[in-house]
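With UniProt numbering, letter number 43 in the sequence shown gets 43, and the count goes up by one each step, no holes.
Notes for the one structure printed next.
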Amino acid sequence: MALLTPLFAFLYHLPQVYKWLLKPYYIASLFMSIAFLAVRKTPGICDNLSTQREDGNSCDFDWREVEILMFLSAIVMMKNRRAITVEQHVGNIILFSKVANVILFFRLDIRMGLLYLTLCIVFLMTCKPPLYMGPEYIKYFSDKTIDDELERDSRVTWIVEFFANWSPECQSFASVYADLSLKYNCSGLKFGKVDIGRYGEVSKKYKVSASPLSKQLPSLVLFQGGKEVMRRPQVDKKGRAVSWSFTEENIIREFNLNELYQKSKKLNKTKGEKVGQSQFPPVPEEDEPEQQGEEAQAEDSETKKDK
């Protein structure tokens, strides 16, 4: 069952995977992931490779290479059990396939291993996964706007994501966060994002480490009245992030989004009533015309007396 669930999930999302694989980043990653397989199985190339097989067939995997590939499959399945989106599933497969390729190429020939490792480093430095470009109701902050926006209206609750563009976890979480903003955004509950990889001062002020080893990216922080109420993942006394899964269900439950949304809707109605009352002048009371008529008659009588 543990093997069938990821397979069914992959087949269900196959149309989306097909669109992603057409992008240059994923096309290049796919070729790099199957590089050793192509070298070992391509006639004319594999004939000149060394092998530890007893039959001397250099165009087939030896027992050690099979062990490495099986270990790779086990690692990918374990990592994908905690994956949230299809991007994470595909990203885990690509990442660990490259790691396995490095090991296999170094074992085959140290020169081929160095060449492949150099290609991986160049690819990592020059190519980045495509950013999420779908619909969202999210306000992007800078180091100069985040404080003013959070403190502008004490009745507004903000959920802010601290992220970095280079983080694969942040990139795969982007679609989940965008979907939440589409469902729950209103005038009393708003969603924001700030790139702490770009604004280092924000990272220091809100105590979100931008280090690749910190495990704090992404971080979701709930603000009410400009003050932090809660955050996920939590950070222990030693400054280490407590492991937490950024699924849509976990976020809705931990941040009480349904309750916050209902309160925000009431706030919207209150604002609407105040605006409606301010647009129309007050209606005069019923006895006011009578009083005005009596005052007019008194003025007329005084005028006649004077005459």
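Note that CB positions come from ideal geometry on N, CA and C, so glycine has one too.
Rounded to the nearest angstrom, what separates residue i and residue j at their Cα positions?
i       : j       : result
Ile-34  : Ile-68  : 14 Å
Tyr-199 : Asp-143 : 6 Å
Val-202 : Gly-91  : 28 Å
Ile-146 : Val-194 : 8 Å
Glu-228 : Trp-158 : 9 Å
Leu-22  : Gln-224 : 42 Å
Ala-164 : Tyr-206 : 14 Å
Tyr-177 : Glu-248 : 8 Å
Tyr-26  : Pro-130 : 9 Å
Tyr-116 : Ile-93  : 18 Å
Ser-167 : Lys-41  : 34 Å
Asp-47  : Ser-58  : 6 Å
Asn-185 : Tyr-132 : 18 Å
Gly-226 : Glu-161 : 15 Å
Arg-152 : Leu-222 : 15 Å
Gly-197 : Val-156 : 26 Å
Is residue i helix, strand or coil by DSSP?
i       : result
Leu-115 : helix
Gln-262 : helix
Gln-279 : Only weak support is given to the placement of Gln-279: the predicted model assigns it a pLDDT of 42, under 50, and the value that follows is read from those uncertain coordinates. Three-state DSSP puts Gln-279 in a helix.
Leu-222 : strand
Glu-248 : helix
Val-229 : strand
Lys-98  : helix
Lys-79  : helix
Val-122 : helix
Below 8 Å on the Cβ atoms is my guess for residue i versus residue j; work out the distance and round it to an integer in Å.
i       : j       : result
Ser-181 : Ile-138 : 5 Å
Ala-100 : Leu-72  : 4 Å
Ile-75  : Phe-96  : 5 Å
Glu-261 : Leu-189 : Correcting the residue identity first, residue 261 is Tyr in this sequence and not Glu. About 6 Å separates the two Cβ atoms, so the contact holds.
Met-32  : Leu-119 : 7 Å
Among residues of its own chain, excluding the 5 on either side of residue i, which ones have a beta-carbon nearer than 8 Å to its beta-carbon?
i       : result
Pro-233 : Lys-215, Gln-216, Ser-219, Ala-241, Val-242, Ser-243, Trp-244
Identify, in the order they occur along the chain, each residue of the same chain with its Cβ nearer than 7 Å to the Cβ of residue i, setting aside the five sequence neighbours on each side.
i           : result
residue 310 : No information on residue 310 is available, as it lies outside the stretch 1 to 307 that the chain covers here.
Pro-212     : none
For the ligand NAP, I want to know if residue i counts as a neighbour, meaning its beta carbon is within less than 8 Å of at least one of the ligand's heavy atoms.
i       : result
Trp-158 : The ligand content of the structure shown is nil, which means the ligand NAP is not present either.
Can you list, in chain order, the residues of its chain with a C-beta nearer than 6 Å to that of residue i? Leave out the 5 residues immediately preceding and following it.
i      : result
Gln-52 : Asp-62
Runs of alpha helix (DSSP H) wholly within the segment 141–220 (minimum 4 residues, chain order): 146–151, 168–184, 200–205
Inside the segment 27–61 only - beta strand (DSSP E) runs reaching at least 3 residues: none
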